[in-house]
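A short worksheet on the structure shown next.
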Amino acid sequence: MIKRIISVAVLGIFVIIILNINFPLKEKELYGRYANYNYENPICCVETPHESDTLILFRDGHFESEFYGKGRFEVSNGLVSTIILHYISYGEPALYNTYFSNKLFEKPKIILNADMNHYYLKVD
């Protein structure tokens, strides 16, 4: 009986871990159009859009967005998949460094502020 309880508990912990882990992005999942969500929260940082915005990541390493304009991006697919957006802000080079959330049964997200649940969600 105790072995069965331990087995069920271990299985439950394993399922919880699998459902909450971020998986590395495959190339076909990375590129495409991302829509800004939860941008109406109080403004916490000026580096993120607090208005409706769409970010498009192209295969050649460039991106377009109404907020960031046109620029280039770098992706690192390690334990945590990160993305760095390089763009021009007020005539000066700028960058925004953040990460992807790619959980099982969810579309990929680019996290802008995890505390406020502010992110870009892949729409196509």
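The working numbering applies: residue 1477 is where the sequence shown begins, and numbers increase by one.
Every residue gets a Cβ at the ideal spot worked out from N, C-alpha and C, and that includes glycine.
query, result
"CB of residue 1579 within 8 Å of CB of residue 1495, strictly", "yes"
"Simplified DSSP assignment, three categories, for residue 1547", "strand"
"For residue 1538 and residue 1568, the rounded distance between their alpha carbons", "18 Å"
"Residue 1512 vs residue 1572 beta-carbon contact at 8 Å", "no"
"Delimiting residues of the beta strand (DSSP E) encompassing residue 1504", "Looking at the DSSP string, residue 1504 is not in any beta strand (DSSP E); the run it does join, the alpha helix (DSSP H), is 1503 to 1506."
"Contacts around residue 1425, its chain only, beta-carbon distance under 7 Å, and the 5 residues preceding and following it disregarded", "Given that the chain is displayed from residue 1477 to residue 1600, the structure contains no residue 1425 and the question cannot be resolved."
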